[in-house]
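Read in order, the letters of the first sequence correspond to residues 2 to 566 in this note's numbering.
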Amino acid sequence: MVDTETTPTTPEAGRDFIRDIVQGDLESGRTQSVVTRFPPEPNGFLHLGHAKSICLNFGIARELGGACHLRFDDTNPVKEEQLFADSIQRDVKWLGFDWGEHLHYASDYFEQLYAWAEHLIQTGHAYVDDTAADAMRTLRGTLTEPGRNSPFRDRSVEENLGLFRRMRAGEYPNGTRVLRARIDMASGNMNLRDPVLYRILHAHHPRTGDAWCIYPTYDYAHGQSDAIEHITHSVCTLEFEDHRPLYDWLLDHLPVPSRPRQYEFARLNVSYTVLSKRHLTRLVTEKHVTGWDDPRMPTIAGIRRRGVPSVALREFIGRVGVARAYSTVDVAMLDSAIRDTLNPAAPRRMGVLRPLKLIIENYPEGQTETLEARNHPDNPDAGLRPITFGREIYVEQDDFMENPPKKFYRLSPGKEVRLRYAYFVTCREIVKDDAGNVVALRCTYDPASKGGNSPDGRKVQATLHWVAAADAVPAEVRLYSHLFNRPDPGADGDALADINPESLEVLSGCLVEPALLDAPIGEAVQFERTGYFALDQDSQPGRPVFNRTVGLRDTWAKVQASAKG
RNA sequence: UGGGGCGUCGCCAAGCGGUAAGGCAACGGAUUUUGAUUCCGUCAUUCGGAGGUUCGAUCCCUCCCGCCCCAGCCA
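Quick look at the structure:
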């Protein structure tokens, strides 16, 4: 197969403010090298938004000769599963990135994190609070009113230490006590109103098992994990912006081995889709899709199954850019990146999605011949392949109209067109069933036009793709369109209410040329004139199933649509 | 009405005081054995608005408007 891993013409990633900051730090000597990290929580599959973060973090490390760690932020055992951690590693690798020796888990640092928590207690910067969750919420105040101190805020160091140790020892049930940082209950920043550092969770952890019954919160674990790994630039999305003061506060009050800095960028939003783990999880669990890797899903696994090469995804992310402005990227940009990547590389084949039989009356019955077709129109090196031609062939139903409008170039009564790489044919007669449906066309061909050109220089307006009845292979083709029927799903309420009921169309009577039987699973080929398709894992021997990766640009469809108004 | 951010073409996005890059989309036209591709061309007298500073402002200042995030013992 053709190599789709070649570098696209435009650079995958350009300049952006994060890269400028890192570059500046390197030049000024603030850091000697760059170390970034991609820190997913293993509670779902990676999606386009993660792809942006992966390309940014691993991309920066690669470009500047640094390292990027893959760190699982596994601080909440009740939500995390090994299955997700496995899929995450597979997806990051598929995207083309390598963490080398640096596969880490926040849970690897539980012991150190615990020791530092005691340090905070000893220096008077943390205390054990017995306040119940709902009471704590009340005491925290509101966005406009300051919070009030917990009655347990001034316990002695000794008492706090004793209580915290007993929390660890498992003496208390879930929810009865937490460890809190002592900062400022009146802060305008809610994250600084004595944030919870540890909570009691008698839960089995995928990696640490039952060794712990208290678990650090994200806020407490993240920055310290960064420091342990000597991360120089901790890049995350905008919603963590007001966690940064807390991130810095903790680093300021702990004897950490390095001083990472956090930077935030705008998360990716894409029109006609949804990118929140909560919604994606619901799509899967409520069976709106067949799974996390359903080709309609914006997950990396779904996109891969659709037949999108990883270069195309990286190309898309590169085109999107990195900034701090809230934005929603048009899905058309993804489609465009996919086409631009596939067009120069994908082998061409012929497949008829909705077959219409064409009988060539002046072609000898029982006879077939072998013709040659190019595997790529712009690349002679892709070579030729043999295709069979015969008296009965199939063309696309859309390529015939009994009463065509003026701009219709394709087949219609009396009209001559070219069958790609074969002959000129002229439609002579329409065969209909009792209901009046067109079931076949009787045509004649011009034997002199073999290969697709007439010696007399005659021109035709259209070239049609086709397959020969003699050796066409039946196939199933799955056509996908947007999972949601509006660009901003959920804008009026529940996003799941905006699901497009027609996002999947299964065509079972398709006919494709036999060369397609050799296609490797997941690698897109172009069905001439219709789009890019990739063999699905559901294929059976002799019974291929194709996913449409993306359609070709179709100006005729556009003209028709605008004509209909 | 608290704190933190963001507003440059329909959608992304450069720009960092010297007179608005690029991509996607759209629209023309050329080439074409894919109505594809490729190619050429059009597409912001204007940077949320109003003032101000300056010889000069999208870039600096002031005020206003709009949008996003934060009140999990989620991340």
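Beta carbons: idealized from backbone N, C-alpha and C, even for Gly. These numbers come from a predicted model, not from an experiment.
Residue i (DSSP reduced to helix, strand or coil)
i    : result
Q263 : strand
E242 : helix
C56  : helix
P515 : helix
Y115 : helix
Y248 : helix
L180 : strand
T556 : helix
G50  : helix
G101 : coil
R16  : coil
A338 : helix
E6   : Only weak support is given to the placement of E6: the predicted model assigns it a pLDDT of 34, under 50, and the value that follows is read from those uncertain coordinates. Three-state DSSP puts E6 in coil, outside helix and strand.
D382 : helix
L84  : helix
T11  : Unreliable positioning characterises T11 in this predicted model, as indicated by a pLDDT of 34, which lies under 50. The coordinate reading is nonetheless provided below. Reduced to three states, the DSSP call for T11 is coil.
S450 : helix
N192 : helix
A564 : helix
V285 : helix
N96  : It is worth fixing the name first, because residue 96 is Leu in this sequence and not Asn. In the structure shown, L96 sits in coil (DSSP, three-state: anything other than H, G, I, E or B).
T550 : strand
E28  : helix
L144 : coil
First and last residue of the uninterrupted beta strand (DSSP E) at residue i
i    : result
K358 : P356 to I361
A525 : Run containing A525: none; DSSP gives neither H nor E here.
I201 : V197 to I201
A476 : V474 to Y481
Alpha helix (DSSP H) segment containing residue i, residue limits
i    : result
L497 : Element bounds for L497: n/a, residue is neither H nor E.
D221 : At residue 221 the sequence reads Tyr, which differs from the Asp that was named. It spans Y219 to I229 - the alpha helix (DSSP H) in which Y221 sits, taken as one unbroken run.
F165 : V158 to R169
G532 : From DSSP, G532 is part of no alpha helix (DSSP H) but of the beta strand (DSSP E) over G532 to L536.
T371 : From DSSP, T371 is part of no alpha helix (DSSP H) but of the beta strand (DSSP E) over T369 to R375.
E316 : S311 to V321
A436 : Run containing A436: none; DSSP gives neither H nor E here.
I304 : I301 to R307
DSSP bridge partner residues for residue i (one or two, in chain order)
i    : result
H206 : G210
Y596 : This structure cannot speak to residue 596, because the chain is shown only from 2 to 566.
Y422 : Paired residue(s): none; Y422 is not in a bridge.
D130 : V179
T393 : A small fix is needed here, since residue 393 is Glu in this sequence, not Thr. According to DSSP, E393 bridges with I360.
A68  : V36
Q541 : R544
S235 : Q263
7 Å Cβ cutoff met for residue i and residue j
i    : j    : result
I318 : A52  : yes
P207 : E397 : no
Y128 : R166 : no
I388 : L412 : no
P299 : L335 : no
G189 : A535 : no
P261 : I229 : no
R349 : Q527 : yes
P296 : N548 : yes
L104 : L71  : yes
D399 : F425 : no
L239 : L49  : no
M168 : I215 : yes
Y533 : A347 : yes
Candidates the options: closest to residue i by CA position
i    : options                   : result
E370 : V468, H289, D243 and T233 : V468
A204 : F18, R429, T76 and L512   : T76
V93  : S311, S509 and F409       : S311
L198 : G210, N192, V179 and W213 : V179
S108 : V23, Q225, T32 and G50    : Q225
H254 : C511, H126, R72 and R200  : H126
I360 : E316, T286, L442 and I339 : L442
K416 : T427, F409, A423 and P406 : T427
W213 : T550, V79 and L281        : V79
G66  : W100, Y219, G148 and E172 : W100
Y273 : F266, A333 and L239       : A333
Y395 : L465, D434 and K460       : L465
D17  : P542, A267, T145 and P475 : A267
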